[in-house]
Structures are given as structure tokens and as C-alpha cells.
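Enquirer:
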DNA sequence: TCGGGTAGGTGTACGGCATACGCCTAAAGT
DNA sequence: ACTTTAGGCGTATGCCGTACACCTACCCGA
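Protein chains in written order, with our numbering: chain A, -11 to 192; chain B, -11 to 192.
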């Protein structure tokens, strides 16, 4: 009976993501999102209960960009796992400021559920069952979340590394050498390297 | 020549940590910390440039609780690595709301540096050198940060798992089974399990 | 064609946040 | 005892999320 809605939750999420990508997570206020949409601030509350819900929509929007389809079943299951994790990394890595939100709002994301289903399916193919499967899934999830945050907040190749490399060699001898080594490693190589460690452990 | 300071940065950090442990990270405002100390809000700014710096002090306070001493050199190097990671987990796990701050403020924490020095020293003992050492260190750090956040925000054994276990079995067959398995795993076992995967990979 | 009721959009207001600025004054060094 | 210096504080500004009340465009039934 009343007038029709002129927006959708999807549009809110898209506008919020635009703001986050442009101004960072701290720049994402209800006011900023409303301005992005050309609406009044309070209009948003016709579509969303509160800020938390909007954050959840943003997370779902981002995660929906991860292809949940099982990779080529002809490939070794370890490679298939790697494919799934790298898909997640590529998608989340394109919106690094969203990663902390992902940790909070991952419950109830059907996209994440679909990704997880494919992952545990691959694990089952590899004969990983019961508690070992639970632990493998959580391990991969933890690694992705943690690695993306660290990478975004302090890339290995960046200035931070120079500071460490310049440490007093008598107190931090190995760290100084390690930091020097770190300068030659690009973030992608680093992520894959850490993932390879985990996958080797899963493969057992 | 002027009157003496009545507080120290350490007291600020301790008060802030008290507030965080009691009211959560969102409850830690400059006002709340000042009240905790029985001082005016603006008095804090005589000790600290801004909120960011106070957060950094909290992180350093927490991380200073991690024993950086090398574990018994007689133990296998893999066990020594496990000891170091578990020390970090126990300390950070006692203040889960601080974990996100740790990710942001880990640069410049000398306690973290000392912990890292010991860890890379153990890796060197194990013959892990160059890029492999860099990747192993970052892998462990990423896992700890990620796992602690996921554990705090959604324990495997909690209600979330029940929701997943109740999923439509035709669309999420493996996840439903995996969630059912997950109910029997306590967080400590889960953390150690994921860590074991990583350590196996490092051990090669 | 028209009238009523529903719900979309908005403006205002409130309490809380970080913090800039300027005042008052305790107290250390002379 | 007097001067000087910085510690502590009150106030104010401009953000934030959001409660609330209002107006009105619009769909539906007549």
C-alpha cells in the first residue's frame, strides 16, 4: 500500500563497500554511506536494523565473490585445497579493510558456508575425517584471516622490515638476518609459502 | 621544576587493560580509562599522545607477559617451537579483546621482537634458513592471530556449531557432519591441532 | 476516479566519542 | 620567598550511532 522502496540491501552494501575501499573502515559511517547513496542518513534504517547489520551485508557481498564451485576433481586434493584458499585470499585481499569485519560477521554468511562445504568435501576426498577434518578447516580459516591482516597492516617487504633489519645485532642477531632475508619475498609468495606448510601438515 | 607526575604510562596501560577485560574493547574510551584512574579525561593526554599510543601501551603490556626465554635446548626443536607458540597463545588468550589491537600495534613491540628472536633462533637450530625461515615465522604469527580471533568470536563448541549442524543436509552434507564432529573438540585441542599441522609442514 | 492507510524518507535531537585549547596552581630550583 | 614550569582540569568542537516524530507519495479498494 505505501510507496515502493527505492533502494535494496544490496545497494546499501555496495555503497558501504565503496566507502570502505575509498576511505578505510574508519571512514565508513552511516552518514558517509547515506551520502554515497544520495539519501538521508536515517533512510538507511529503513533497510537495516543498525550498523552491525550493514557490516554483515558488506561481508556477505565480499564473500559472495568467492567461487565456491569444486575445482577440477582430476587435480590432487592438495592442489584443490590450495585453489580454494587462494580464491578466498584473492577476494578478501582486494578489500583488506573488510577482513576484520569478516572475523566478526562470518557467522551467517551463506557464501562462507558454501566455500567451507567445498573445502570439507575436498578434505573428505583426501580421507581426512572426524576431528582431523574439523581442525584442518579451522586451521586454514585461521591462517587466511591472520595472514591477510598481518599483510595489510605491515607488509613484510615494507619499511617495518628495514627497522628490524637495523636492530642491534648483539641482542637480535637472528631477527636482523631474518628481516634482511624478508626483503626479497613478495607478499604473494609469502602467503603461498605459509599455506604450503599448512597443507603439508594436513596431507600428513 | 614543576610538580611531579602522579601517574606513569604503565599505570595508564594497566588501567586500560582492566577496562578492556571488564567492558570489552568497545568500552575502552579515554573517559573510561580516566575514570578508572580517578583522573580527568584530559589528564591522560599528559602521558600519551592520543588513543593510538595508549592502545600500543596496552599491547606491549600484554605481550610483556610472554616469556621470551629459549625453552630447554635439549628438547626437539619442533617441541620448542610449540612451547613458544603456546606461551603466546596462553598470554593473548587471557585477554582476547586485545588481540585485534595486537595486529595493529605489533610493530614496535619489543616484547614481540624478543619472542620472535627466540623463535627464529629455534628455527635456525632446526636448519631452517633464508626465505623458509621468514615464511615459517610469519606463518606461525598469522596462525596465532587468526586462531585467537576466530576462537574468541565464535568458539567451535558453541551454539554456532549447532546451527551449522542443523543445515539442510542436501545442500551442505559434509559441513553438517563436520559441525557434528566439531562439538566434541575443545578450543585448546583445536588450537594445538592446527599448530601441529603447521609445525609438521615446517619440519618438512 | 478518488480517498485512506501504510510505510518510505527526512530533520532534529541526544548522549558519547576523541581531542584542541586555555586556565589554574602545585611545587622544584633559586 | 619568588619564579617558573608543567601537571591537571573544564570547556568546547565536530564527529559518531540512532530514537523519535513528522510529512507525504503511493498502492489498494471502492
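We treat Cβ as the ideally placed atom computed from N, Cα and C, and that holds for glycine.
What residues from the stretch 64 to 95 of chain A come within 8 Å of chain B, judged by C-beta to C-beta, listed N to C?
Expert: Against chain B - using a Cβ distance shorter than 8 Å - the residues of the stretch 64 to 95 of chain A are 88, 91, 92, 94, 95.
Enquirer: Check whether the Cβ of residue 131 (chain B) lies closer than 9 Å to any Cβ atom in chain A.
Expert: On the second chain, residue 131 (chain B) is found 143 positions in, with the first residue counted as 1. Taking Cβ atoms only, chain A reaches closer than 9 Å to residue 131 (chain B), which makes this a yes.
Enquirer: Would you mind working out which of B:77, B:157, B:159, B:0 sits nearest residue 180 (chain B), comparing C-alpha positions?
Expert: One-based indexing of the second chain puts residue 180 (chain B) at position 192. Checked all of B:77, B:157, B:159, B:0; the closest Cα to residue 180 (chain B) is B:77.
Enquirer: List the endpoints of the continuous alpha helix (DSSP H) containing residue 113 (chain B).
Expert: Here residue 113 (chain B) corresponds to residue number 125 of the second chain, with the count starting at 1. Counting along the chain, the alpha helix (DSSP H) containing residue 113 (chain B) begins and ends at 98 to 113.
Enquirer: At the level of alpha carbons, what is the spacing between residue 6 (chain B) and residue 44 (chain B)?
Expert: The residue given as residue 6 (chain B) occupies position 18 in the second chain. The residue given as residue 44 (chain B) occupies position 56 in the second chain. Going by the C-alpha atoms only, they are around 15 Å apart.
Enquirer: Establish whether the CB of residue 105 (chain B) and some CB of chain A are separated by less than 9 Å.
Expert: By 1-based counting over the second chain, the position of residue 105 (chain B) is 117. It does; some Cβ of chain A falls within 9 Å.
Enquirer: Between residue 16 (chain B) and chain A, is there a C-beta pair that is closer than 9 Å?
Expert: Start at 1 with the first residue of the second chain, and residue 16 (chain B) comes out as number 28. So, not an interface residue.
Enquirer: Since residue 187 (chain B) and residue 69 (chain B) are thought to touch, with beta carbons under 8 Å apart, how far apart are those beta carbons, to the nearest angstrom?
Expert: Working through the second chain from its first residue, we reach residue 187 (chain B) at position 199. Working through the second chain from its first residue, we reach residue 69 (chain B) at position 81. Indeed they touch by this definition, with Cβ atoms about 6 Å apart.
Enquirer: Who are the near neighbours of residue 29 (chain B) in its chain, counting only those whose CB is closer than 7 Å to its CB and skipping five residues on each side?
Expert: The residue labelled residue 29 (chain B) in the question sits at position 41 within the second chain. So the qualifying residues of the chain are 18, 19, 22.
Enquirer: In whole angstroms, what separates the C-alpha of residue 124 (chain A) from that of residue 189 (chain A)?
Expert: Taking the first residue of the first chain as position 1, residue 124 (chain A) is located at position 136. Taking the first residue of the first chain as position 1, residue 189 (chain A) is located at position 201. If you take the alpha carbons of residue 124 (chain A) and residue 189 (chain A), they lie about 9 Å apart.
Enquirer: In chain A, which residues lie with their C-beta within 8 Å of the C-beta of residue 178 (chain B)?
Expert: Taking the second chain and counting its residues from 1, one reaches residue 178 (chain B) at position 190. Within chain A, the residues near residue 178 (chain B) are 122, 123, 126.
Enquirer: Return yes when the Cβ of residue 151 (chain B) is within less than 9 Å of the Cβ of residue 109 (chain A), no when it is not.
Expert: Numbered from 1 along the first chain, position 121 holds the residue referred to as residue 109 (chain A). Numbered from 1 along the second chain, position 163 holds the residue referred to as residue 151 (chain B). It is not a contact, given that the beta carbons lie outside the stated cut-off.
Enquirer: DSSP on residue 157 (chain B), reduced to helix/strand/coil?
Expert: Taking the second chain and counting its residues from 1, one reaches residue 157 (chain B) at position 169. Three-state DSSP puts residue 157 (chain B) in coil, outside helix and strand.
Enquirer: Can you give me the C-alpha to C-alpha distance between residue 88 (chain B) and residue 137 (chain B), rounded to a whole angstrom?
Expert: For this step, residue 88 (chain B) is matched to residue 100 along the second chain. For this step, residue 137 (chain B) is matched to residue 149 along the second chain. Approximately 8 Å between the Cα atoms of the pair.
Enquirer: Would you call the stretch 95 to 111 of chain A and the stretch 92 to 106 of chain B touching, i.e. three or more CB-CB distances under 8 Å?
Expert: Contact fails: fewer than three Cβ-Cβ distances are below 8 Å.
Enquirer: Using three-state DSSP, classify residue -8 (chain B) as helix, strand or coil.
Expert: Start at 1 with the first residue of the second chain, and residue -8 (chain B) comes out as number 4. Here residue -8 (chain B) sits in coil by DSSP.
Enquirer: Just curious, the alpha helix (DSSP H) that residue 132 (chain B) is in, first and last residue?
Expert: Translated into the one-based positions of the second chain, residue 132 (chain B) becomes position 144. Start and end: 118 to 141.
Enquirer: Taking the Cβ atom as the reference point for each residue, do residue -5 (chain A) and residue 27 (chain A) lie within a distance shorter than 9 Å?
Expert: Within the first chain, numbered from 1, the residue matching residue -5 (chain A) stands at position 7. Within the first chain, numbered from 1, the residue matching residue 27 (chain A) stands at position 39. Yes, the Cβ-Cβ distance between residue -5 (chain A) and residue 27 (chain A) is below 9 Å.
Enquirer: What in chain B is Cβ-close to residue 173 (chain A), meaning under 8 Å?
Expert: Counting from 1 along the first chain, the entry for residue 173 (chain A) is found at position 185. Under the 8 Å cutoff, chain B gives 119, 122, 123.
Enquirer: Out of B:149, B:183, B:105, B:140, which one is the CA nearest neighbour of residue 54 (chain B)?
Expert: Taking the first residue of the second chain as 1, we reach residue 54 (chain B) at position 66. Closest option to residue 54 (chain B), Cα to Cα, is B:105.
Enquirer: Does the beta-carbon distance from residue 112 (chain A) to residue 121 (chain A) come in below 9 Å?
Expert: As a working mapping, residue 112 (chain A) is identified with position 124 in the first chain. As a working mapping, residue 121 (chain A) is identified with position 133 in the first chain. Yes, the Cβ-Cβ distance between residue 112 (chain A) and residue 121 (chain A) is below 9 Å.
Enquirer: Do we get a CB-CB distance below 9 Å when we pair residue 137 (chain A) with the residues of chain B?
Expert: Stepping through the first chain from its first residue, residue 137 (chain A) is reached at position 149. It does: the Cβ of residue 137 (chain A) has a partner Cβ on chain B nearer than 9 Å.
Enquirer: For residue 83 (chain B) and residue 90 (chain B), I'd like the C-alpha separation in whole angstroms.
Expert: Residue mapping note: residue 83 (chain B) aligns to position 95 of the second chain, counting from 1. Residue mapping note: residue 90 (chain B) aligns to position 102 of the second chain, counting from 1. Cα to Cα, the separation comes out at about 11 Å.
Enquirer: Spell out whether any CB of chain B is found under 9 Å from the CB atom of residue 43 (chain A).
Expert: As a first step, residue 43 (chain A) must be located in the first chain, where it is residue number 55. No, no contact with chain B.
Enquirer: On the DSSP letters alone, give me the boundaries of the alpha helix (DSSP H) that residue 11 (chain A) sits inside.
Expert: Here residue 11 (chain A) corresponds to residue number 23 of the first chain, with the count starting at 1. Start and end: -3 to 11.
Enquirer: Of the residues B:39, B:-11, B:15, B:14, which one's Cα is nearest the Cα of residue 0 (chain B)?
Expert: In the second chain, counting from the first residue as 1, residue 0 (chain B) sits at position 12. The option with the nearest alpha carbon to residue 0 (chain B) is B:39.
Enquirer: Just verifying my parser: in three-state terms, what is the DSSP assignment at residue 164 (chain A)?
Expert: Within the first chain, the letter at position 176 stands for residue 164 (chain A). Helix at residue 164 (chain A).
Enquirer: Tell whether a beta-carbon distance below 9 Å holds between residue 86 (chain B) and residue 36 (chain B).
Expert: Taking the second chain and counting its residues from 1, the one referred to as residue 86 (chain B) is at position 98. Taking the second chain and counting its residues from 1, the one referred to as residue 36 (chain B) is at position 48. It is not a contact, given that the beta carbons lie outside the stated cut-off.
Enquirer: Grouping DSSP H, G and I as helix and E and B as strand, with all else coil, what is residue 91 (chain A)?
Expert: If you number the first chain from 1, residue 91 (chain A) lands on position 103. It is helical.
Enquirer: Specify the secondary structure class of residue 176 (chain B) as computed by DSSP and reduced to three states.
Expert: Sequence index remark: in the second chain, residue 176 (chain B) carries index 188 (1-based). The answer is helix: DSSP assigns residue 176 (chain B) an H, G or I state.
Enquirer: Considering only their Cβ atoms, is the gap separating residue 154 (chain A) from residue 165 (chain A) smaller than 9 Å?
Expert: Residue numbering aside, residue 165 (chain A) sits at position 177 when the first chain is read from its first letter. Residue numbering aside, residue 154 (chain A) sits at position 166 when the first chain is read from its first letter. It is not a contact, given that the beta carbons lie outside the stated cut-off.
Enquirer: Quick one: using the 10 Å Cβ neighbour count with 16 as the cut-off for buried, is residue 12 (chain A) buried or exposed?
Expert: On the first chain, position 24 is the one that residue 12 (chain A) refers to. Flag for residue 12 (chain A) reads exposed.
Enquirer: Taking residue 148 (chain B) as the query, report the chain A residues whose CB atoms sit under 7 Å from its CB, ordered along the chain.
Expert: One-based indexing of the second chain puts residue 148 (chain B) at position 160. The answer, in chain order, is 95.
Enquirer: Distance, Cα to Cα, residue 65 (chain A) vs residue 116 (chain B)?
Expert: In the first chain, the residue the question calls residue 65 (chain A) occupies position 77. In the second chain, the residue the question calls residue 116 (chain B) occupies position 128. Using only the alpha carbons, I get a separation of about 27 Å.
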